[in-house]
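So the numbering used here is basically just the index in the sequence shown, starting at one, shifted up by 689.
As structure tokens, the structure follows; a few thoughts come after it.
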Amino acid sequence: MVKVSDKTLSPEYTSQLRLLLSRIIKEQIPDFIYDQQNTEVIKNLFLYYTGQVGGYDLKKGIWLMGGNGTGKTTLLQIFSEFGKKRYDGFRIYDCAKVANDYAMNGELDVYTYNQTGYSRKPVNMAFDELGRETIPSNHFGQKLNVMQHILHIRYNLWRTEGIQTYITTNCDADETHRLYDNVNDRFISDRIKEMYNRIVLDGESRRK
Ligand SMILES: Nc1ncnc2c1ncn2[C@@H]1O[C@H](COP(=O)(O)OP(=O)(O)O)[C@@H](O)[C@H]1O
Ligand SMILES: [Mg+2]
């Protein structure tokens, strides 16, 4: 079963957390801009990652989509750091590196059941830039659509243990369907709706 913890935090504690978040943002990007594209998303991610009811479903993961440079990776990094400071951080893995890791080692345990990891159990984690990786990845002739495989297992981990997954991607629904569904089904596409809060980060690229 999926675990939900809707915490009611005291106003004092909430304002301490807000201060911590804005410090982290300032540290990472001194000239960080809050605008129409991201203010609401940041507010809701803050509530989400502190386990409070807001715009997002606490039972689900995060699927952050949008064009290049709209700040998706930055937001993940900010909330990963925010989590670390509160002892419930998550690591971010770049999908291209994950696919390469498979090609080199033929191993995906860290990203799935994590039986060889420190905690020896699956953990919440983020995958950055989904859709940028090489598909299929090739481990000495053994070909695998690595992220399709991982998304599949992460879905099962979510269903059975409430383990969360956070994604950033440039892909829209059609592209995701093309890359990760099999020819005659919508296995991954349909599960995205079920498993994730889908968030669109719009606007111009913030890259300078
Ligand atoms: N709100 C923001 N204000 C100012 N700069 C930002 C903001 N968000 C991201 N950036 C900067 O814009 C660039 C692109 O951000 P990034 O998170 O890599 O975008 P994406 O992952 O969506 O492609 C980075 O150099 C980042 O530091
Ligand atoms: Mg990015």
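Think of the CB as a built atom: it goes at the ideal place given N, C-alpha and C, for glycine as much as any other residue.
#1: At which residues does the alpha helix (DSSP H) containing Tyr844 begin and terminate?
#2: Using only the alpha-carbon positions, how far apart do Asn727 and Gly758 sit?
#3: Tell me, which residues are paired with Asp817 by DSSP?
#4: Which stretch, first to last residue, makes up the alpha helix (DSSP H) that contains Ile881?
#5: Tell me which residues share the same chain as Thr858 and place their Cβ nearer than 6 Å to its Cβ, disregarding the 5 neighbours each side in the sequence.
#6: Between which two residues does the beta strand (DSSP E) holding Tyr826 run?
#7: Would you list the one or two residues that DSSP bridges to Met793?
#8: Within this structure, are the beta carbons of Met884 and Trp847 separated by less than 7 Å?
#9: When DSSP labels each residue in this structure, what does Ile856 get in the three-state scheme?
#10: Is it buried or exposed for Leu765, if we count other Cβ within 10 angstroms and need 16 for buried?
#11: How is Arg895 classed by DSSP in three states: helix, strand or coil?
#12: Please state whether the Cβ-Cβ distance between Ile722 and Asn886 is less than 7 Å.
#13: What is the residue span of the beta strand (DSSP E) that Gly772 lies within?
#14: Closest to Asn789 by CA distance: which of Phe779, Pro825, Lys749, Asn733 is it?
#15: Quick one: using the 10 Å Cβ neighbour count with 16 as the cut-off for buried, is Phe829 buried or exposed?
#16: To the nearest angstrom, how far is it from the Cα of Arg867 to the Cα of Arg880?
#17: Go to Ile714, then tell me how far its alpha helix (DSSP H) extends in each direction, as first and last residue.
#18: If we count the other Cβ atoms within 10 Å of its Cβ and call it buried at 16 or more, is Gly744 buried or exposed?
#19: For Phe768, which residues in the same chain have their Cβ closer than 7 Å to its Cβ, ignoring the five residues on either side in sequence?
#20: Do you know how far the Cα of Thr762 is from the Cα of Gln705?
#21: What does a CB cutoff of less than 6 Å around Ala815 pick up in its chain, not counting 5 residues either side in sequence?
#22: Mind checking whether the beta-carbon of Gly820 lies closer than 6 Å to any heavy atom of ligand 1?
Reading off the structure:
#1: 835 to 850
#2: 13 Å
#3: Asp783
#4: 876 to 884
#5: Met754, Leu819, Gly820
#6: With the sequence shown as reference, residue 826 is identified as Ser, and Tyr is not the correct amino acid for it. Segment 826 to 828, the beta strand (DSSP E) holding Ser826.
#7: For Met793, which the question treats as bridged, DSSP gives no partner whatsoever.
#8: Contact: yes.
#9: strand
#10: Flag for Leu765 reads buried.
#11: Arg895: coil per DSSP, three-state reduction.
#12: no
#13: Segment 761 to 774 is the alpha helix (DSSP H) holding Gly772; no beta strand (DSSP E) there.
#14: Pro825
#15: exposed
#16: Rounded to whole angstroms, Arg867 to Arg880 spans 15 Å at the Cα level.
#17: Unbroken alpha helix (DSSP H) run through Ile714: 700 to 717.
#18: That one is exposed.
#19: Leu734, Tyr738
#20: 24 Å
#21: Leu765, Phe779, Ile781, Tyr855
#22: no
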